[in-house]
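Line by line, the protein sequences give chains A and B.
In case it helps, our numbering puts the first sequence at residues 859 to 1064.
In case it helps, our numbering puts the second sequence at residues 859 to 1064.
Protein chains: 2
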Amino acid sequence: MINCSSSEDKIKDAAKRVFILKGFSGCTSREIARESGMNVALVNYYFRSKDKLFQIIFQAVLEEFMLSMFSVFSSDASLKDKIKILIEREYEFISKNPEIPGFIINELSRENKESSEVVEMLNKISASGVMKQAEEAQKKGEMRKIDIIGISLLVTSNCQYPFMAKSLLQKMNGLSDKVYLEYLETHKKNVTEMILTYLFPNPIIN
Amino acid sequence: MINCSSSEDKIKDAAKRVFILKGFSGCTSREIARESGMNVALVNYYFRSKDKLFQIIFQAVLEEFMLSMFSVFSSDASLKDKIKILIEREYEFISKNPEIPGFIINELSRENKESSEVVEMLNKISASGVMKQAEEAQKKGEMRKIDIIGISLLVTSNCQYPFMAKSLLQKMNGLSDKVYLEYLETHKKNVTEMILTYLFPNPIIN
DNA sequence: ACTTTATTTAAACACTTGTTTAAAACATGC
DNA sequence: GCATGTTTTAAACAAGTGTTTAAATAAAGT
């Protein structure tokens, strides 16, 4: 497998891998250089500092993460379908990138980092009209009274946590990687049914 | 406020605070020394190394965390009540120690750390008889078919994640600390109802 | 060809890291 | 008093940190 991308991209790719896996303070510039096949000076030649490089990676990962999560809101599906798809998307994305949620949450709380991506996301969500859609569904008595924050909190909690706590749960129950990930697939079915029947009870409870 | 505990305890207390807040690789021995009012050499005088000190802290925090979570299992309450109390306990503990779940999960996956506490916990849980209690409840058609791992995964996901993702959620929605924590209290009610009506549906679905 | 610019390298820089040393201060028992 | 063992300190150590330097190489422009 030949890597024929530019030196800058090689460093960026390696940095993404290493930062996500070990966090900013858990790795060194030299480790990133080694991982990318370059040397230390090149890292700073292209990115000026470990810190600047990290900011670039972090913003990119954050955007990828948020977009994957919430792009479903701007479709024209029904609210119930949107939530069903959202759970599906979440599980799919995190299955491929299991360390990203923890990475973002950790680094975001490391110091009070200003991140334009995060605030922009809220705007995109409210611009998608999903909040009005929720209000209408509630007025019609189709959905339980709960705001969009609560809904996404329910979804992300039940989708992200099982992957984040993999190490803990695995050790507690003595499960192999394979078995644990299989288990999470059946857990997904439980989560989906639980959330949907809670949000859209029949008959409505409110 | 006078701190009249021994030097060893002062260091241990400071180490606990600093490690939980910043993680093993996010802090230095000198920071722990400063935080405890001692100097660097004393840290190693009492604990031989940063690593040994960390192991001591980590095991203690882990035990505190697991015990608080699962001691409820060995009571003689009904299964439904146990789960209700478990959620209550979780929220209470994490409200007081919001960084502990993330700390444990992060450090446990930093490298494949062997931790006797974690495996011992499983034994305690199965010794409590809660698993048989669950089986019986399922046979009687009182509870949905789901194993104890799935149940605790549901509970911990919905209790721990909202605190772990505080930084992210706060920034996304522009909420102050006070408002966010208030929000989590109403979220707790949702979570409790959601989990209980899912696990104990009426009529039973299985 | 030559000049200029961009890329890459090895080496060094100043500083921080975990850890150790050796001496000082303190306590306790006689 | 002195001797003994414990606790505390400042200073040092080697190794590792992020970063810079200055020279070497490659690329591009004319």
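Don't be surprised by glycine CBs; every beta carbon is placed ideally from N, CA and C.
Since the structure is predicted, the reported quantities are computational estimates derived from the model, not experimental observations.
Residue ranges of each alpha helix (DSSP H) run of no fewer than 4 residues wholly in the region 1007-1038 of chain A, ordered along the chain? 1024-1031
Sequence ranges, beta strand (DSSP E) only - wholly within the region 859-911 of chain B, length at least 3: none
Can you list the residues of chain A that B/Ala995 reaches, using a CB-CB cut of under 8 Å? Going along chain A, no residue has its Cβ under 8 Å from B/Ala995, so there is no contact; the nearest lies around 16 Å.
Output, in chain order, the set of chain A residues within a Cβ distance shorter than 7 Å of B/Met1022. Ile963
Beta carbon proximity, A/Gln1018 to chain B, threshold 8 Å: yes
Between B/Ile878 and chain A, is any beta-carbon pair separated by less than 8 Å? no
Give the straight-line distance between the Cα atoms of A/Leu1026 and B/Ile1006, rounded to the nearest whole angstrom. Inter-residue distance for A/Leu1026 and B/Ile1006 is about 15 Å (C-alpha atoms, whole angstroms).
Consider the Cβ of B/Val1013: report whether some Cβ of chain A lies at a distance smaller than 8 Å. Taking Cβ atoms only, chain A never reaches closer than 8 Å to B/Val1013, which makes this a no.
For A/Phe912 and B/Arg968, I'd like the C-alpha separation in whole angstroms. 19 Å
Any C-beta of chain A under 8 Å from that of B/Asn1031: yes
Proximal residues to B/Ser926 (C-beta, below 6 Å), its chain only, five neighbours per side dropped: Phe951, listed in sequence order.
Cα-Cα separation between B/Val976 and B/Glu993, rounded to whole angstroms: 24 Å
Span of the alpha helix (DSSP H) holding A/Asp1091? Past the boundaries of the shown model lies residue 1091 of chain A; chain A is included only from 859 to 1064, so the question cannot be answered.
Do A/Phe916 and A/Glu957 have their C-beta atoms within less than 8 Å of each other? no
Using the Cα positions of A/Leu1012 and B/Glu1040, report the straight-line distance between them to the nearest angstrom. Spanning the two alpha carbons is a distance of roughly 16 Å.
Would you call the region 933-947 of chain B and the region 1034-1052 of chain B touching, i.e. three or more CB-CB distances under 8 Å? With three or more CB-CB distances shorter than 8 Å, the region 933-947 of chain B counts as touching the region 1034-1052 of chain B.
Between the alpha carbons of B/Phe877 and B/Cys885, how many angstroms are there, rounded? 7 Å
What are the residues in the region 897-921 of chain A lying within 8 Å of chain B by C-beta distance? none
Quick one: Cα of A/Gly987 to Cα of A/Glu948, how far? Taking the straight line from one Cα to the other gives about 20 Å.
Excluding the 5 residues flanking B/Lys870 on each side, which residues of the same chain have their C-beta closer than 6 Å to its C-beta? none
Secondary structure of A/Phe931, DSSP reduced to three states: Reduced to three states, the DSSP call for A/Phe931 is helix.
Residues of chain B with a CB under 7 Å from the CB of A/Met832: which are they? Given that chain A is displayed from residue 859 to residue 1064, the structure contains no residue 832 of chain A and the question cannot be resolved.
So B/Tyr1019 and A/Tyr1019 are in contact, right, with Cβ under 8 Å, and what is the actual spacing, rounded? Rounded to whole angstroms, the Cβ separation of B/Tyr1019 and A/Tyr1019 is 4 Å, and the two are in contact under 8 Å.
With 8 Å as the threshold, decide whether the Cβ of A/Leu1027 is near any Cβ in chain B. yes
Can you name, in chain order, every residue of its own chain whose Cβ lies under 7 Å from the Cβ of B/Asn861, other than the five neighbours on each side? Per-residue confidence for B/Asn861 stands at a pLDDT of 49, beneath the threshold of 50, marking its modelled position as unreliable; no derived number is given.
CA-CA distance, A/Met859 and A/Leu980? The predicted model places A/Met859 with a pLDDT of 39, which falls under 50 and marks its position as unreliable; any figure quoted below should be read in that light. About 41 Å.
Distance between A/Ser953 and A/Ala872 (C-alpha atoms, nearest Å): 20 Å
Please confirm if B/Arg875 has its CB atom under 8 Å from at least one CB of chain A. Proximity of B/Arg875 to chain A, defined by a Cβ-Cβ separation below 8 Å, is not satisfied.
How far does the alpha helix (DSSP H) with B/Val979 in it extend, from its first residue to its last? A small correction: the amino acid at residue 979 of chain B is Met; Val does not occupy that position in the sequence shown. Note, B/Met979: alpha helix (DSSP H), 974-985.
Are B/Lys908 and B/Ser887 touching if we call contact CB-CB under 8 Å? yes
Leaving aside the five residues before and after A/Tyr1038 along the sequence, list all residues of the same chain whose C-beta is less than 6 Å from its C-beta, in chain order. Gln1028
Euclidean distance between Cα positions of A/Leu1054 and B/Lys971: In this structure, the alpha-carbon of A/Leu1054 lies about 37 Å from that of B/Lys971.
Can you name the start and end residues of the alpha helix (DSSP H) that A/Pro959 belongs to? 958-968
Could you confirm whether any beta carbon from chain B is found closer than 8 Å to the beta carbon of A/Asn1048? yes
Can you tell me whether A/Thr1014 is buried or exposed? The criterion is at least 16 other CB atoms within 10 Å of its CB, across all chains shown. buried
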